[in-house]
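Residues are numbered in my numbering as their position in the sequence shown, beginning at 1, plus a constant of 41. Just so it is clear, CB atoms sit at the ideal spot from N, CA and C, and this is done for glycine as well. Given the structure is predicted, the values throughout are model-derived calculations rather than measurements.
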Amino acid sequence: MRVQTDSATHTTQQSSLDVNERFGLRDIKMADLREALRRGMDDFFASPTHGVFLTIIYLLIAAVAAMVGLGENPLPLIFPLIAGAALIGPLAACGLYELSRRRENGQNYAWWHVFDVFRTPSRWAIAGMGAILALLFVAWMLTAAALYGTYFGAEQPAGMRALLEQVLTTTAGWQMLMSGVFIGFFYSAVVYVATVVSLPLMIHHKVGLPEAVGLSISAVLRNWRPMVAWYFLVVALMILGSLPLLLGLAIVVPVLGHATWHLYRRVCQSGTQ
């Protein structure tokens with residue numbers, strides 16, 4: 042039995058090494074984050090309508106998906122909705138990854154090439170990840186609703202001002218807010234670790250979902266300092282972009298999408314396709 046266990050462990054480790062070598066997993070530094078962000082901005086300003094187009098779709102999908110499940114009193118869940126939209130952001134960014142890939146290869150990167158995502162050999166793996174992200178989004182919204190019910194019961198605010206007063210001027214409101222922030226960070230961290238490398242990889246190569254997610258986890262663990270820094274940079278920029286009535290997201294989301302592609306290319310140097 043011990044021999045079989047050791048053999049299985051060795052096989053698993055060898056498989057992990059093979060995957061890492063296949064896709065050229067490498068170490069990165071903080072300077073790579075700056076370079077990825079710079080290249081992401083270059084891609085965006087080369088043709089910013091691409092990013093705005095995808096951002097509008099992303100926000101509409103998030104709004105429609107949420108309104109289906111919010112019921113008659115969506116007001117207490119407005120802020121969780123805005124925060125939760127980031128959970129499906131990596132899926133919407135796949136089109137941006139494709140545009141950055143095409144521009145990197147010297148190919149035409151007109152906006153309609155975002156739909157090439159539906160023809161990529163890994164499209165079913167991408168669809169599988171999309172289903173997982175959708176489930177996490179629903180789980181987050183249900184969690185937010187349960188949190189509100191725990192602290193305020195069936196009480197519903199009369200309007201946005203009443204909601205803000207309820208949350209910001211009461212002990213229960215601050216407790217709910219802190220609990221929501223903690224849980225929200227957990228959800229977003231799970232999504233980040235699972236997708237930061239896997240989705241760009243699926244755009245770039247024919248690869249299965251488990252293999253792609255496994256490589257993404259390996260990349261984060263191997264480069265945990267710069268990857269954690271990138272995570273908090275993404276969170277900070279998303280918050281800043283959301284402040285002016287979400288209008289800043291029209292720039293923040295596409296820039297981060299393009300930049301994530303270039304971060305992936307620095308983490309996985311496996312050639313071009």
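| Item | Value |
| --- | --- |
| Whole-angstrom distance between Glu145 and Gln216, CA atom to CA atom | 47 Å |
| C-beta contact flag for Ile129 and Leu174 at 8 Å | yes |
| Bridge-paired residues (DSSP) for Leu66 | Cys309 |
| Beta-carbon proximity of Tyr305 to Leu242, cut-off 8 Å | yes |
| Beta-carbon proximity of Arg142 to Trp302, cut-off 8 Å | yes |
| Reduced DSSP secondary structure (H/G/I, E/B, other) of Tyr272 | helix |
| Option nearest Leu297 by Cα separation, candidates Leu74, Ile69, His154 and Asn61 | Leu74 |
| Rounded straight-line distance, which links the Cα of Ile167 to that of Gly194 | 39 Å |
| Leu288 - DSSP class collapsed to helix/strand/coil | coil |
| Complete runs of the beta strand (DSSP E) confined to the segment 183-226 [at least 3 residues] | none |
| Alpha carbon of Val155 to alpha carbon of Ala213, nearest angstrom | 45 Å |
| Reduced DSSP category for Gly169 - H, G, I as helix; E, B as strand; rest coil | helix |
| Leu177 versus Ser163 - alpha carbon distance | 21 Å |
| Cβ-Cβ distance between Leu250 and Val238 below 8 Å | no |
| contact_flag[the segment 254-274, the segment 229-236] where n(CB pairs < 8 Å) is 3 or more | yes |
| Identity of the residue in Ala186, Ile69 and Asp157 nearest Leu137 by Cα | Asp157 |
| Ile224 to Ala127 span [Cα, whole Å] | 14 Å |
| Residue closest to Pro131, alpha-carbon to alpha-carbon, out of Cys309, Gln310, Ala300 and Val308 | Ala300 |
| Alpha carbon of Leu209 to alpha carbon of Val179, nearest angstrom | 25 Å |
| Cα-Cα separation, Ala151 to Glu139 | 11 Å |
| Between the CA atoms of Ala87 and Ala185 - distance to the nearest angstrom | 39 Å |
| Beta-carbon proximity list for Gly169, same chain, < 7 Å, skipping 5 on both sides | Leu250 |
| Euclidean distance between Cα positions of Thr161 and Val248 | 10 Å |
| Beta-carbon proximity check, Leu240 vs Ser220, cutoff 8 Å | no |
| Distance CB(Cys309)-CB(Phe64) smaller than 8 Å | yes |
| Assigned exposure category for Gln148 - 16 Cβ within 10 Å defines buried | exposed |
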